[in-house]
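2 protein chains.
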Amino acid sequence: MKFSPLFWPVTLQGKTIRILDETALPHRLVYLTSHGYSDSCAAIKNMKTRAVGQVLLVMYTFLLEIEKHRNTKTLIPHLEKVARSLNATRPTLSFKMLTDMVLGWARSGAPLAQTITGFLDMLKVRRIEQAEKASTLLSGNECVLTHCNVSGLMPLIGEMCRKQNKDISFFVTETRPYLQGARLTSWELQRAGFDVTVISDTMVAHVMSEDKINSVIVGADHLALNGDFANKIGTYQIALLAKYFEIPLYVLCPPPSHAQTGDDIPIEIRPDKELLEFNGIRIAPRGVKGYYPAFDITPAELVTRHIYLEIR
Amino acid sequence: MKFSPLFWPVTLQGKTIRILDETALPHRLVYLTSHGYSDSCAAIKNMKTRAVGQVLLVMYTFLLEIEKHRNTKTLIPHLEKVARSLNATRPTLSFKMLTDMVLGWARSGAPLAQTITGFLDMLKVRRIEQAEKASTLLSGNECVLTHCNVSGLMPLIGEMCRKQNKDISFFVTETRPYLQGARLTSWELQRAGFDVTVISDTMVAHVMSEDKINSVIVGADHLALNGDFANKIGTYQIALLAKYFEIPLYVLCPPPSHAQTGDDIPIEIRPDKELLEFNGIRIAPRGVKGYYPAFDITPAELVTRHIYLEIR
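Sequence lines, in order, name chains A and Y. Taking the working numbering, the leading residue of the first sequence gets 891, the next gets one more, and so forth. Taking the working numbering, the leading residue of the second sequence gets 891, the next gets one more, and so forth.
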């Protein structure tokens, strides 16, 4: 099994966390370093890593802080401070679920480093199983539309389809404003040898109406208990269009949070500068304002199948 | 009445046609010149002007060629050659309707230059009436979503709403890949003093679900006899979303062509380079392909009201 660099984009090497800088892709494959929780928080805020990368970064940051903090009496208060900083980085991913889990282990007296490492080992296995489940839902000749980036799961699904002798190709929305589709997903699919076509986010209905798409697969940044989910802005309208064109929508989900429905999931509003500039060049005239909700909520009833990450 | 520079972006001054270079906006307000039909065809192919600008450029190109061509015996064959070149520039706008009209006038022995000038004078009046009709459809407190650029009609509609003491504001999709919304529409609305917010094309369903939008107004590049229309790629999905959220969709239409339905309107496929690069910088990895249909077809049943340009 070959993995995309985006499948496990953050690693711990000695006393340094290596973070794949997703903002530099596809032109440069470079890694940033974090030497502690404040570096990690900055990397999250600046969207250097996203999605699973954020989960890994939270976990490795705890491992690093445990390693650095030799005084066991003050460890828990220190980890609580680390958790507060991580929780404050971005609102839509449920960082608190993760940090509460680690603090719970710490307070219970579990062997903390081993428990975290065990969690990460399980996460890897479960993500591979998730890709496997998705692959079995696809037909023998499938063109999948995807949006944003699902951290290496898409080429993994493709590879599993190949093993099942299924013919699979991909359409990828560019995913404005951050262009994760054009920059990340097309890159990881191309380097894994798949047929991939980039479209702009304006072209979804048109390509669906041309019968080019057999299924839609997207990720989810935050899953509510009723099956509603938050994902990268643009997912909701793709889901509505898939419903209209009777194309199945499969969602690669994290474990649910405590949110009862999508209404309980906060939507991050990011600075409009990130929308109105591109590579430092202003697109819109100076003085014009933008509105940049970074996520939207897709209601459960638009989902054909939730593909869960089985972590308990 | 103040007009946006985009309302009448092409003019004839002596023996030179001045063409507002829409690709340089919003940073520079510059004009290109055409000294004859081959210059004009190049400007159309390179999308230096679009929509109404193309109609004006066709008409002024004929005026210029008539002026330059003093041998009346060979004038009609010459204009036929000009017409063939113009018809071959881009497929979706029905250039042939326009060039056939001019050739018809020429063959009928009508005073050609005066007839063309009279047509352009009528076009200006009818476009103002079209904006007036649109403004009367809007409520006293309206936030309009628009896509791409309707050649100066949007600020004109806004100004007419002001005169009717209506409070109007605008959301503008950036309109990838050419960003006409972010570059042109937000620019002309801002300089006319309107409240305008730019969103990416991924945000339409989300802002509609937040009840931020009261109506959608778009243009049409090509109208079929049954009311289906071609417009900038992305219009179709906005129309589907407007229907879903029960938001009225008003379409500023040109006169219909001979196309019976949208199926008879050819869709221009442009080079994927224009999608995969931005300001000369590659977005997607080298070797990844793109698909760039420049227009899509919106079926008549999604339109709340066609607002016709009354030219006969």
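Ideal placement from N, C-alpha and C gives every residue a C-beta, glycine not left out. None of the values given here were measured: they were computed from a predicted structure.
Next item on the list: Name, please, each residue of chain A whose Cβ falls closer than 8 Å to the Cβ of Y/Val1094.
Entry: Gln1127
Check: In chain order, which continuous runs of the alpha helix (DSSP H) of length 4 or greater are located wholly inside the stretch 907–966 of chain Y?
Finding: 927–935 and 942–958
Note to self: In whole angstroms, give me the CA-to-CA distance for Y/Ala933 and Y/His1196.
What the structure shows: 30 Å
Check: Does A/His1196 come within less than 9 Å of chain Y when only Cβ atoms are used?
Finding: no
Check: How big is the Cα-Cα spacing for Y/Leu910 and Y/Leu919?
Finding: 7 Å
Notebook entry, point to check: Which word fits Y/Glu1191, buried or exposed, when buried means at least 16 other C-beta atoms lie within 10 angstroms of its C-beta?
Noted result: exposed
Margin query: Between which two residues does the beta strand (DSSP E) holding Y/Ala1129 run?
Written below: Premise fails: Y/Ala1129 lies in the alpha helix (DSSP H), Thr1125 to Tyr1134, not in any beta strand (DSSP E).
Next item on the list: Over the uninterrupted beta strand (DSSP E) stretch that includes Y/Lys1122, give me the two end residues.
Entry: Phe1119 to Lys1122
Margin query: Less than 9 Å between CB atoms is the rule here; does A/Ile1123 satisfy it with respect to chain Y?
Written below: yes
Margin query: Would A/His925 and A/Lys905 qualify as a contact pair, given that the criterion is a beta-carbon distance under 9 Å?
Written below: yes
Note to self: Less than 9 Å between the C-beta atoms of A/Met1012 and A/Ile1201, yes or no?
What the structure shows: yes
Next item on the list: Under 8 Å Cβ to Cβ from Y/Gly1124, same chain only, skipping five residues before and after it: list those, please.
Entry: His1037, Cys1038, Thr1063, Thr1065, Arg1066, Asp1091 and Asp1186
Next item on the list: Determine contact between the stretch 1124–1139 of chain A and the stretch 1043–1058 of chain A, defined as no fewer than three beta-carbon pairs at a distance below 8 Å.
Entry: no
Notebook entry, point to check: Just curious, the alpha helix (DSSP H) that A/Ser1076 is in, first and last residue?
Noted result: Ser1076 to Arg1081
Check: Between Y/Gly1170, Y/Leu1165, Y/Pro895 and Y/Phe952, which lies nearest to Y/Leu965 when the distance is taken from Cα to Cα?
Finding: Y/Phe952
Notebook entry, point to check: Which residues of chain A have a Cβ atom closer than 8 Å to the Cβ of Y/Gly1180, listed in chain order?
Noted result: Thr1087, Val1088 and Ile1089
Next item on the list: Please determine, among Y/Gly1117, Y/Met987, Y/Ser1076 and Y/Leu954, the residue with the shortest C-alpha to C-alpha distance to Y/Ile907.
Entry: Y/Leu954
Next item on the list: Hey, could you find the ends of the alpha helix (DSSP H) A/Arg1052 is sitting in?
Entry: Leu1043 to Lys1053
Item checked: Short Cβ contact (9 Å threshold) for A/Gly943 with A/Pro899 -> yes
Check: To the nearest whole angstrom, what separates the beta carbons of A/Thr1087 and A/Leu1139, a pair I think is in contact under 8 Å?
Finding: The Cβ separation is near 19 Å, so there is no contact.
Note to self: Give me the chain Y residues within the contact set of A/Arg1066, using Cβ-Cβ distance strictly less than 8 Å, ordered along the chain.
What the structure shows: Glu1064, Arg1066, Ser1090, Asp1091 and Thr1092
Notebook entry, point to check: Could you give the C-beta distance for A/Val1040 and A/Leu1199, rounded to a whole number, given that I count them as a contact under 8 Å?
Noted result: Not quite, the Cβ-Cβ distance comes to about 11 Å (not below 8 Å), so this is no contact.
Next item on the list: Could you list which residues in chain Y have their beta carbon closer than 7 Å to that of A/Ile966, in chain order?
Entry: Simply none; closest approach about 40 Å.
Check: Along chain A, which residues have their Cβ under 9 Å away from the Cβ of Y/Arg1073?
Finding: Ile1173, Ala1174 and Pro1175
Margin query: Is the beta carbon of Y/Gly1180 closer than 9 Å to that of A/Gln1080?
Written below: no
Next item on the list: Since I believe Y/Ala1095 is in contact with Y/Ser894 (beta carbons under 8 Å), could you give me their beta-carbon distance rounded to a whole number of angstroms?
Entry: With 8 Å as the limit, Y/Ser894 and Y/Ala1095 do not qualify as a contact, their Cβ atoms being about 29 Å apart.
Next item on the list: Give the interface partners of A/Gln1070 over in chain Y, defined as CB-CB distance under 7 Å, in chain order.
Entry: Within chain Y, no residue comes near A/Gln1070; the closest Cβ sits about 11 Å away, beyond 7 Å.
Notebook entry, point to check: Taking 9 Å as the CB-CB limit, is Y/Asn1169 close to chain D?
Noted result: Absence of chain D from the displayed structure is noted, the protein chains being A and Y.
Next item on the list: Starting from Y/Leu1131, find everything on chain A with Cβ-Cβ shorter than 7 Å and list it in chain order.
Entry: Gln1127 and Leu1130
Notebook entry, point to check: From the beta carbon of Y/Val1097, is the nearest beta carbon of chain A less than 9 Å away?
Noted result: yes
Note to self: Just to confirm my understanding: we take Y/Ala1132, look at its own chain, exclude 5 residues before and 5 after, and list those with CB closer than 6 Å. What are they?
What the structure shows: Val1106 and Leu1139
Next item on the list: With distances taken Cα to Cα, identify the nearest neighbour of A/Gly1030 among A/Lys1014, A/Phe1009 and A/Arg1052.
Entry: A/Arg1052
Checklist line | Proximity winner among A/Ala973, A/Phe1061, A/Ile1159 and A/Tyr927, relative to A/Asp990 (alpha-carbon distances) | finding: A/Ala973
Next item on the list: Indicate whether the contact test is met: 3 or more Cβ pairs, each with one atom in the stretch 1142–1160 of chain Y and one in the stretch 1110–1117 of chain Y, closer than 8 Å.
Entry: yes
Check: Interface residues of chain Y around A/Gln903 at Cβ under 7 Å?
Finding: Residues of chain Y passing the Cβ test: none, with the nearest at roughly 27 Å.
Next item on the list: Check the Cβ-Cβ distances between Y/His1112 and every residue of chain A, and say whether any is below 9 Å.
Entry: no
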